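Novice: Have a look at the structure that comes next, please.
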Amino acid sequence: MRICIVGAGVVGSYLAENLSKEGYEIAIVDKDRRKIIPIVENFDVLAVECDILKDRCIYKLKDFDLFIVATDRDEVNISIALLLRAILKTPKIIVRTKKTVLFDREIASFLDIEIFDTYNEVITTIDNIIKYPSISSIYEFEDGKLILFTYKIKKDDFLNGKKLIDLRDVRKTLKFTVALVERNNTKIIPSGSTQLLEGDNVYILLEKDNLHHWLGKFSIKSEIIRNIYILGYSKLGIHIIEHLHNKFNIKVFEPDLKKCEELATRFPKILVLNTSLTDKETLIMEEIGNADLVISPSHREDSILASILSKQLGAKKVMAVIENPEYERIISTLGIDIPIVSRKLIAKRVYRAVRHRRILDSFDLGEEISLKEIFVDRELRDKKVHQISKENFIILSLERNGQLYLVDGNTQLREGDILLVLERK
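Using our numbering, the first residue of the sequence shown is number 662, and each one after it goes up by one.
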């Protein structure tokens, strides 16, 4: 598949890097040479230096199967998509937007493009947190049948101290896979002898319809979310408040008085405090330790610092927008439970568009672990999963006739199956 990415910013460069590593033919278009050079110097990517809206640049982009339009401006992205549709008759276009006004099915249908709204994706994440507060992150595979979620094991949990082999009987009636264990910033590919310990983050793969059953089976209780604290004013923050203000007790902290007045007028049911985001005394006075959920909707440094401080002061769950790659690399040490990384949200949608199974790309696997697909040939057919299993290797799922399935040791392989596998490099 030949893919053209328009915009060499944080999102575009991330997509170009990862898709080129997977063997796709990638071109990236931007008028800023300084953004393009680092990408083409380090990855097998074709650079097209021009303004796609001018100078007949678009005629250089024929014969691509998929266009991903990912500049930082919504209006520009929509204009580019219209131009691509009108002139090149491009079969598939994905457009990144931040404004929900553009995320309208009628508009998308009229333009014949797929619109990806990052704000809406963040709201979906928040809704999942509220619905399943005991879970850190939850992601759906492309067909919506399987989900992958992370859960942090607590002292009194049934799972604490259990070896995976001890869960064998449970898995006979409730099929699930412990895909990965994160302990002390180290990723572990589990085996039957792996013992789960307090503080471990476990990555669980199971059918979506069985999530409530899984939580109940292991007596995992969730505290209801009532008190939500929002750190800082931003466009995303406004969108979040609009979605939540009639359902929860909300406090907003913002150092700009004018913005505080705007929020208080627009949302009279919420409490708005004009204060520095990192004022420890104010956070304590306003009982940040009783917050069920703290949301930092801006990637400003004071918002990130405030979210870290909130966790230290006892907030139960902290969610923060992360744009700086340096912060992202050390996210697990910062105390932020749910990092929101827009480029990875968009990457998930793109992987679905190219029928790619890399849902785990939304998680930080680290340098030592890789995800790959294995095609079952004549040599592997008729074998059972336990016959091809080995140390530091785990089969997550199986695709057969276009459907995804969980596997266990007795699952028999057929020629043409595709296995999704985690392996230590």
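Quick reminder that beta carbons are idealized off the backbone N, C-alpha and C, glycines included. Only a predicted model underlies this, so the values are computations on that prediction, with no experimental measurement involved.
1. Anyone know if the C-beta pair for K1044 and N1071 falls short of 9 angstroms?
2. Using 10 angstroms around the beta-carbon of D830, count the other beta-carbons present and answer buried if the total reaches 16, otherwise exposed.
3. Using only CA atoms, which one of N781, L1074, I776, F928 lies nearest to D1062?
4. In chain order, what are the residue ranges of uninterrupted beta strand (DSSP E) at least 3 long that sit wholly in the region 884-932?
5. Which residues mark the beginning and the end of the beta strand (DSSP E) in which P1000 is found?
6. Hey, could you find the ends of the beta strand (DSSP E) A840 is sitting in?
7. To the nearest angstrom, how far is the alpha carbon of E775 from that of E683?
8. Give me the Cβ distance between T732 and V783, rounded to the nearest whole Å; I'm assuming they're in contact under 8 angstroms.
9. Let me make sure I understand the geometry here. Which of L1057, K1086, E987 has the alpha-carbon closest to that of S1031?
10. Could you check whether the region 883-900 touches the region 961-978, counting it as contact only if at least three pairs of C-beta atoms, one from each stretch, sit closer than 8 angstroms?
11. Quick check: is any heavy atom of the ligand ADP less than 8 angstroms from the C-beta of Y894?
12. Taking all protein chains shown into account, decide if E987 is buried (16 or more other Cβ within 10 angstroms of its Cβ) or exposed.
13. Answer yes if the region 989-1005 comes into contact with the region 970-979, meaning at least three C-beta pairs across the two stretches below 8 angstroms, and no otherwise.
14. In three-state terms, what does DSSP make of I754?
15. Please report the straight-line C-alpha distance between T751 and I983, rounded to a whole angstrom.
16. Measuring only the C-alpha atoms, how far is T838 from G670?
17. On the three-state DSSP scale, how would you describe R1089?
Specialist: By the coordinates alone:
1. no
2. exposed
3. Sequence inspection shows Asn at residue 1062; the Asp mentioned does not correspond to that position. Ranking the options by Cα distance to N1062, first place goes to L1074.
4. 888-892, 910-915
5. Counting along the chain, P1000 sits inside the beta strand (DSSP E) bounded by residues 999-1001.
6. Its beta strand (DSSP E) spans residues 837-844.
7. Whole-angstrom Cα-Cα distance: 23 angstroms.
8. That pair is no contact at about 19 angstroms.
9. K1086
10. yes
11. You won't find the ligand ADP in this model; it holds no ligand whatsoever.
12. exposed
13. yes
14. strand
15. 33 angstroms
16. Rounded to the nearest angstrom, the two C-alpha atoms are 36 angstroms apart.
17. Outside the shown range of the chain, which is 662 to 1086, sits residue 1089, and nothing can be said about it.
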